[in-house]
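Q: Got a structure here, written out as structure tokens. Questions coming.
In the working numbering, the protein residues as written are 7 to 127.
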């Protein structure tokens, strides 16, 4: 079944939240999903994950960004953080949430299969 690959290309937690929602919806439909956090977006998965928009989301009965990361990983959404982005943001791989792994853009793109969709946030 074709998969969904998403690149988060900006240090913007709102974009990561939207990308996680999209990936989780794809996974719920039985399609494999992967997220790649590129450049300065790598810092978004530094533990503990925080988002200024968490309070209004909680008030509306929605999960926090940290909860979304946990739920996405539980749904087998792969969370890959750019190795160059880690260097750019001064983040060590050991500082990432345990659900994330470091990787490169070339290997991420090499993992695209025939018929896969690629979205950039």
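All C-beta atoms in this analysis are idealised placements derived from N, C-alpha and C, irrespective of residue type, glycine included.
Compute the Euclidean distance between the alpha carbons of residue 14 and residue 7, then round it to the nearest angstrom.
A: Residue 14 sits at position 8 when you count from the first residue of the chain shown. Residue 7 sits at position 1 when you count from the first residue of the chain shown. If you take the alpha carbons of residue 14 and residue 7, they lie about 23 Å apart.
Q: Note down, in chain order, each residue of its chain lying with its Cβ closer than 8 Å to the Cβ of residue 123, except the 5 sequence neighbours on either side.
A: Translated into positions along the chain shown, residue 123 becomes position 117. Cβ neighbours of residue 123 beyond the five flanking positions: 8, 9, 10 and 11.
Q: Starting from the C-beta of residue 91, find all residues in its chain whose C-beta is less than 7 Å away, skip the five residues before and the five after it, and write them out in chain order.
A: Taking the chain shown and counting its residues from 1, one reaches residue 91 at position 85. Result list for residue 91: 43, 44, 45, 46, 47 and 48, in chain order.
Q: Check whether the segment 16 to 30 and the segment 66 to 80 touch, using three or more Cβ-Cβ pairs below 8 Å as the test.
A: yes
Q: Could you check the C-alpha separation between residue 99 and residue 53 for me, to the nearest Å?
A: Indexing the chain shown from 1 puts residue 99 at position 93. Indexing the chain shown from 1 puts residue 53 at position 47. Computed Cα separation, rounded: 10 Å.
Q: Go to residue 37, then tell me how far its beta strand (DSSP E) extends in each direction, as first and last residue.
A: On the chain shown, residue 37 is found 31 positions in, with the first residue counted as 1. First-last for residue 37: undefined, no H or E at that position.
Q: Give me the DSSP bridge partner(s) of residue 68.
A: Residue numbering aside, residue 68 sits at position 62 when the chain shown is read from its first letter. The partner list for residue 68 (beta bridge, DSSP) is empty, contrary to what the question assumes.
Q: Would you report the Cα separation of residue 125 and residue 20, rounded to the nearest angstrom?
A: Counting from one through the chain shown, the residue named residue 125 turns up at place 119. Counting from one through the chain shown, the residue named residue 20 turns up at place 14. Each residue's Cα considered, the two are about 15 Å apart.
Q: Rounded to the nearest angstrom, what separates residue 35 and residue 16 at their Cα positions?
A: Counting from 1 along the chain shown, the entry for residue 35 is found at position 29. Counting from 1 along the chain shown, the entry for residue 16 is found at position 10. Each residue's alpha carbon lies about 27 Å from the other.
Q: Skipping 5 residues on each side, what residues in its chain have a beta carbon closer than 6 Å to that of residue 89?
A: Residue mapping note: residue 89 aligns to position 83 of the chain shown, counting from 1. Excluding residues within five positions, the ones whose Cβ falls inside 6 Å are 108 and 110.
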